[in-house]
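Please read the structure below before turning to the comments.
Given below as structure tokens:
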């Protein structure tokens, strides 16, 4: 079977071309704007929006290095009257005996979420694409969005009804089968899998929607050409559809990596709550910081940890994106 | 093109200046000359406020509270402001409710950006007063209370006033709404007791255990009357502790054991803890405690209490109405407080936990003081503010009680205000829907068989040992809770638990606590 | 929607055939999808069932698919606000519609620029948009900026902050647009089209599937939001429906914290049924919105056949 030409394979050529062109033109930005007035113009509103709401706020990050003072209301006050304490606000976290563990848990769980979430939603999208009954497909697409709208608290009750020691369905089944029931809620090691399943079920539907849109963009002529070359159905999916949505998969993964140091606080807090016996495998940075700052703590410390999470996440994206640009430029973020 | 570009650049620069470094129009000076605000008076300095209070224009007092506004907040406020006007208080009250989910964050925002409000609720169990005070969020109320709040000091014992102080200055108006010498709080159901043929209230732990077993075994109906326990937050189940020879003692922050001689120990190393665990383990083995105790959520816990399917609890019930669903004949007499050692006194662990503070950005810090002073001035004011309008929100039931008039859908009166935020035990009107046992134990100041705890006036500030504090609390949840709830037995598990606590830095905590308490006592 | 099966057959036989005999692959796929759908819908059904269960039954027996006793108390409670509930819906709808349109426009425009290979600095721009996804300066400056811009206590304060633009959605659209063959742009340019025409005649129409997706995402974001309302709005008349619902069930965290307090908890926790009912009410509009958008998931209009 002839190798199907990937759409956008000219992109890498373009990248090389544009890079050399960039090297040549120095006052490049002004020239670029002049050449692409319209493009820059229509991007302007969103650029302004981001500038105002994000970039203008960044100077305030210095609060992470100050002792919090409720009376410093403006940036000027913060910069001039603030009491600088260096890395003091980070200390409460890094001195803790659990700092390493919660960081590890955050990363570990997030990586699992990304991997399984991507696999399930891509498979879901591919499968849905194969079905012919329109009403079935339409209904399913709506249905799979539903779990996204159930709050984690409700999910925690559902999980409880499955795994509760006395009334849980799972233990009931085990008793019926003659096995001794397990007290799930004091076994830390079973929870990462349970959390992964819950998280995937909740989010896969939304992500599948994204992949379905990507699939919809595939030019039918690609499929037709492949069939003429003798591709069967399975090959069609793996050699045509899948490669063509890979850029989307890569982008989604890169975006998720940016947030990899931020755990899903809502989920963990709702399901695990204050059940300390499960902390070994489920306590994440966000839940730890939440508990730490509950009685003794202030906004500076919260900001300090958030800054830490952001920096690490950014570095990881930076690295991943660099790697992606080398191997698979179509999927790079920037 | 160049024109457009330069315009764009100028606009950007202007915007950034505006957003980031703009003029400060949110003042931070507490008693500086105030900027104009709708209807408020402009006192030049504190001493003139007194004249103002008799003048025509009242001073605004915006009170910020967690929770949800009652249905008829408007009507309630109208009545309150009306009476305050009559009494010449000079304060116009407004209330702002912030939903619980957003309380901490919104409050922080309001304090951080110098937003104008005059009074807010501080819940020490959630965020300690010193947290705010030591970061310059609060106005010093020592002078205003001296000048305008004689009733405040009248209704609050010294113990309560001390708990609202940080470093010798008064930063809040305490809400001394209940008798705090109540632990261990044990409530037993008389109706259940009679139903299962038990003739007298148990007087020892052994009798209690036997009675409980009897009820459990013969229980009719779905479900089981487990001893309701919120396992994940339990560090100690105190049922028979009053009978121990160590009594009286108090445990602060789950870990600081303080006896009446001022000795401070790690509570989990004490014999008292061991004995409590053994008792609880006994109950667990007998099946009186749910096997799911460690995963019970607070909602489930409340639901269990409200369902009425229990014989004995640690704690009390505030309202019997939810129980009427499953137990239609239940009355407020069907509850009794169990005291397993009536000859020994109860201990007061602290003065007040809830209090009302004034942000530094308030332009009239005395407004909050005037308001509180008016509330505590006489019973009619108190009733109006807390319970609403007679005949609309509640009915008076003398002596000292009230019957709330609930809206049929919301199950709350059109206007009412939570006792625990600003109430005072000397003036409270207990509800006829609360068990008599609850009212008697919570809302009556004990005069005998009570002692003030050694550290009752002292508040520990965990800032210097913040990391250890968090880690120890985490480890308590992880390794102590199962032992405390009886799921795991004491002897085989305590050593490991204690060593994890040690690794978490519990020794530093004890040292710091001892140090601060010594300094406090020296300064008294 | 494109289906491989159809194409295989139409190419081979030259005409569309009706559904053939039972195909085992299809059956397995359908089964898998069906099971997945069931896993999604069962929690919803349970939520619905609990929302119409009598409170006391819940307290005694917990959740059940087959309630012993029914009650519409939760729904009555939710709608007892009467006119304020209707107002809440109106506010939510207005905010969602205006906000979503604005957001989609902003996103589509920016995505076009980022996907435009002629823009040499598009990578730098992408970075510019990406950084805020990871770095945030927190609530205090956000709050200050909103106040400074006058986004307080008015309808704009519900529309502009946070929700009017999402870099995540931007990258989705950009990515999609990058996949549109450059040859289309080239041939259009040769024919004399300028940037404006290319954008509105080629790129935007071809991007309908992804634009429908981000419409869905923005729409849901606006509809479910209560954060802006809590932080920036004090006037009752401007409260969206989500905020009103939140007020009814926000005692959850209060209960958690009141455990710390000695003494009686003098409040009834929010009804279990109520918590479920708020979820049911929220889902309604989504079920309506998505099928409406699904028709945009047809294959993008293929502009002729392009010779590579």
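Chains as they are written, first to last, in the working numbering: chain Z, 1 to 334; chain S, 335 to 858; chain U, 859 to 1166. Cβ atoms here follow ideal geometry from the backbone N, Cα and C, with glycine treated the same way.
CA-to-CA, the gap between residue 219(Z) and residue 235(Z) works out to about 16 Å.
Here residue 306(Z) is buried, its C-beta having at least 16 other C-beta atoms within 10 Å. Residues of the region 728-761 of chain S that bring their beta carbon within less than 7 Å of a beta carbon in chain Z are absent altogether. Residue 538(S) places its beta carbon 9 Å or farther from that of residue 938(U). Contact check for residue 411(S) against residue 791(S) fails: the beta carbons are separated by 9 Å or more. Less than 9 Å divides the Cβ of residue 574(S) from the Cβ of residue 613(S).
Close to residue 469(S), with beta-carbon spacing below 7 Å, are these residues of chain Z in chain order: 68, 69, 70 and 298. In the DSSP assignment, the residues bridged to residue 599(S) are 591(S). In this structure, the beta-carbon distance from residue 750(S) to residue 738(S) falls below 9 Å. For residue 901(U), the secondary structure class from DSSP, reduced to helix, strand or coil, is helix. Contact between residue 421(S) and residue 644(S) is absent: CB atoms are separated by about 46 Å, not below the 8 Å threshold. At a beta-carbon threshold of 8 Å, the residues of chain U lying near residue 641(S) are 914, 917 and 918, ordered along the chain. Among the CB atoms of chain U, one or more fall inside 9 Å of the CB of residue 446(S). In the DSSP secondary-structure assignment, residue 294(Z) is not bridged to any residue. Secondary structure at residue 710(S): coil, using DSSP grouped into helix, strand and coil. Per DSSP, residue 1100(U) has no beta-bridge partner at all. At a cut-off of 9 Å, the C-beta of residue 130(Z) has a neighbouring C-beta in chain U. Ranking 100(Z), 95(Z), 131(Z) and 53(Z) by CA distance to the CA of residue 884(U) puts 131(Z) first. Taking the CA atoms as reference points, residue 215(Z) sits about 10 Å from residue 237(Z). Straight through space, the alpha carbons of residue 1104(U) and residue 332(Z) are spaced by roughly 40 Å.
For the pair residue 647(S) and residue 767(S), the CB atoms are not nearer than the 9 Å cut-off. In this structure, residue 789(S) lies near residue 592(S), with their beta-carbon atoms less than 9 Å apart. Looking from the CA of residue 955(U), the closest CA among 1058(U), 1021(U) and 1088(U) belongs to 1021(U).
The C-alpha of residue 122(Z) is placed about 11 Å away from the C-alpha of residue 213(Z). Between residue 1044(U) and chain S, the shortest Cβ-Cβ separation is not below 9 Å. The alpha helix (DSSP H) runs lying completely inside the region 720-772 of chain S and spanning 4 residues or more are 753-756, given in chain order. Neighbourhood of residue 1022(U) in chain S, by CB distance below 7 Å: empty, with the nearest CB roughly 16 Å away. When the five nearest sequence neighbours on each side are left out, the beta carbons in the same chain lying within less than 6 Å of the beta carbon of residue 729(S) are those of 737, in order along the chain. At least one CB atom of chain Z sits nearer than 9 Å to the CB of residue 965(U).
The C-beta of residue 166(Z) comes closer than 9 Å to at least one C-beta of chain S. For residue 1032(U), the uninterrupted alpha helix (DSSP H) run begins and ends at 1025-1036, by DSSP. By the C-beta criterion, the region 274-291 of chain Z is judged not to be in contact with the region 1044-1058 of chain U, since fewer than 3 inter-stretch pairs fall below 8 Å. Around residue 439(S), the beta-carbon contacts reaching into chain U at under 7 Å are 997. Put simply, the CB of residue 97(Z) is near chain S, with a gap under 9 Å to one of its CB atoms. Ranked by Cα distance from residue 429(S), the options 521(S), 451(S) and 525(S) are led by 451(S). Contact check for residue 685(S) against residue 497(S) passes: the beta carbons are separated by less than 9 Å.
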